[in-house]
Amino acid sequence: MSNIDLKSLTIRKAHEDMKAGVFSARELTQAYLDVIAEKNPNLNAYLFIFEDALKQADEADKRFKDGTAELLTGIPMAIKNNICIKDKPTTAASKILENYRAVYDATVIEKLRKAGVVFLGGTNMDEFGHGASTENSAFGVTKNPHDNTRVAGGSSGGSTTAVSANCCLAALGTDTGGSSRQPASFCGVVGFKPTYGRVSRYGAIAMGSSLDQVGSIAKNVEDAEIVYNQIKGDDNMDSTTIPESLIKEPKVKEKIVVGIPRNFLKEGIDEDVMKNFEESVEKLKLLGHTIKEINLPNIDYALATYYIIMPAEVSTNLSRFDGVRFGLHKEGENLLGDYMKTRAEGFGPEARRRIILGTYVLSAGYYDAYYNKATALREVMKKDFAKVFEEVDVILTPTSPTPAFKIGEKSNDPVQMYLADIFTVSANMTGVPAISIPSGFTERDSNPVDGQKGKQLPLGIQFMAPWMGENILFKIGKDFLGED
Ligand code: GLN
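Heads up: the sequence shown begins at 3 in my numbering, then just goes up one per residue.
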């Protein structure tokens, strides 16, 4: 075992240490590989460990020698397994892509590669991003490192567990309805989703194309920011990215006005979550920020409309998996039979549920009643947000209504599972950036009778900022965590 203190390591510290020759990129990568070898068989955070990790680290060491090293050179990262890395298995945790190897790098990977990042492996997730617990992976659940009987959250649960358990220094997740933020709150790390259009989606396997963004997951806010700064920017391969000339960043003020939608924080929230939230509000006040009550009159509809628009987009995006071009192929009686057999065997139950829901809301008889209404409401919600952001700099909510739940607790009840997304989906529906910040712990499963101590489960709070207001999120997040 190496003597590098991985627990306290950040990207900047690792960079300085590698630059000063305290340790090499090879030694750092080896240190993470050792932890992975020890912990991953139990946690199941990674689906694949890349055999060339040390070779990548050697390349990074060369850059330290020849003076071309950047901040991310030699930094060992984990990548959610729905982001294409050339020649590496990219499965989106689905049987339908079990043997698929990406034939090109996603734009975000290309950008990280240029900076000299070491890719350690591909992380577990809910199949195609469908879920909030990683239980929908075709390759087994990822455990929460704080309590192995509980879920890591999802869908980027592999990435957040990997960061939390020191199996990598930082990670990429994706976020369609909260998948970088909710698991971050369950695992006690930072999870960040950029403004829609700030980061290229090219090479990230599509879930809901009008909602998807690639997010960063890290131990602190600065690391999440460093990764974001490397992957952001417009891209000819993704026409929804915002051209640099149109980027207008809102001003970052020293003292921030924090809006709280009290009307939205009434029901169904765990008591300890609410207590922690109120404590977080007090802490923000002590830091000199102003708290203001706001009204988002239609936010109650965010979850219901998300669960119309998202499956509609899922059903169209997943139609490309026909057993002919990618991954699994099953022989039927004719071509249609091939499609049916391949898709029936290749997709798990949740993917199939969403395809059915999506085709239903898009079908001729129901399109107006569901899909059109949901898209209209989405526009109304965007206007509500724009109006509120005239009064406040950020919106604050808990990240999740509960701490990490038990493995199996919600897996047979999709509606309960969908409710886990109540606070996160509105950022995707409106396109604004959002971040989950660790805000403390709550104890569970203690037994007063035999005096047995319980497990400390992490909690998180979520800030949402106006479009392109990423820097406001980094500022208030750092303030909250006391990062300088
Ligand atoms: N939990 C949400 C869902 O199941 C979010 C998923 C995501 O962001 N990929 O759709």
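Beta carbons are placed, not taken as given, at the ideal position from N, Cα and C, and that holds for glycine.
- The stretch 19 to 32 and the stretch 54 to 61 touch, with three or more beta-carbon pairs separated by less than 8 Å.
- With respect to the 7 Å criterion, M431 and N300 are not classified as neighbours on the basis of their beta carbons.
- T144 has its CB no nearer than 6 Å to any heavy atom of the ligand GLN.
- If you compare the alpha carbons of Q32, S10, E246 with that of S4, the shortest gap goes to Q32.
- The stretch 173 to 185 and the stretch 417 to 429 touch, with three or more beta-carbon pairs separated by less than 8 Å.
- Using a C-beta cut-off of 8 Å, the stretch 314 to 330 makes no contact with the stretch 276 to 292, since fewer than three inter-stretch Cβ pairs fall below that distance.
- Contact between the stretch 460 to 479 and the stretch 184 to 194 is present: three or more C-beta pairs spanning the two stretches fall below 8 Å.
- According to the DSSP assignment, M276 belongs to the alpha helix (DSSP H) that extends over 273 to 288.
- Proximity to M312 across Y373, M342, N44 peaks at Y373, based on C-alpha coordinates.
- Contact between the stretch 328 to 338 and the stretch 387 to 406 is absent: fewer than three C-beta pairs spanning the two stretches fall below 8 Å.
- Check the Cα spacing between P403 and each of V259, N83, D89, M419: the tightest is with M419.
- Listed in chain order, the beta strand (DSSP E) elements of length 3 or more contained wholly in the stretch 338 to 415 are 396 to 400.
- Note on E445: under 16 other CB atoms within 10 angstroms of its CB, so exposed under the neighbour-count rule.
- If you check the CB distance, F130 and M209 come in under 7 Å.
- Approximately 15 Å separates the beta-carbon atoms of R264 and E284; this is outside 8 Å, ruling out the contact.
- Residue burial annotation: V105 is exposed, with fewer than 16 other C-beta atoms found within 10 angstroms of its C-beta.
- In this structure, DSSP gives D240 an extended state, which the three-state scheme calls strand.
- Counting only the Cα atoms, D340 lies some 45 Å from K221.
- With a cutoff of 7 Å on beta-carbon distance, V216 and A226 are scored as not near each other.
- Here L359 is buried: its Cβ has 16 or more other Cβ atoms, across all protein chains shown, within 10 Å.
- Counted as a single uninterrupted DSSP element, the beta strand (DSSP E) harbouring F121 occupies residues 120 to 125.
- Distance from G479 to P252 at the Cβ level is roughly 16 Å; contact not present, criterion being Cβ atoms closer than 8 Å.
- With a cut-off of 8 Å on Cβ pairs, the stretch 155 to 171 is in contact with the stretch 69 to 85, counting three or more such pairs.
- Pairing T401 with S187 gives a Cβ-Cβ distance under 7 Å.
- About 12 Å separates the beta carbons of I233 and A173, which is beyond the 8 Å limit, so they are not a contact pair.
- Beta-bridge partners of I85 (DSSP): A206.
- Partner residues in the beta bridge of S438, as assigned by DSSP, are G193, Q464.
- The beta carbons of Y102 and G350 sit about 16 Å from each other, so the pair does not count as a contact at 8 Å.
- Short of 7 Å from the beta carbon of K195, and not among the five residues preceding or following it, lie these beta carbons of its own chain, in chain order: D177, S182, R183, Q215, G217, A429, P435, A436.
- Note on K90: 16 or more other CB atoms within 10 angstroms of its CB, so buried under the neighbour-count rule.
- DSSP places G217 within a strand segment (E or B) once states are collapsed to three.
- Rounded to the nearest whole angstrom, the CA to CA distance from I357 to S317 is 4 Å.
- Residue environment analysis places S448 among the exposed positions, since fewer than 16 neighbouring C-beta atoms fall within 10 angstroms of its C-beta.
- When DSSP states are grouped into helix, strand and coil, K268 belongs to the coil group.
- When DSSP reads this structure, T292 sits in a beta bridge with V259.
- Inclusion of N46 and N126 in the CB contact set at 7 Å is warranted, their separation being smaller than that value.
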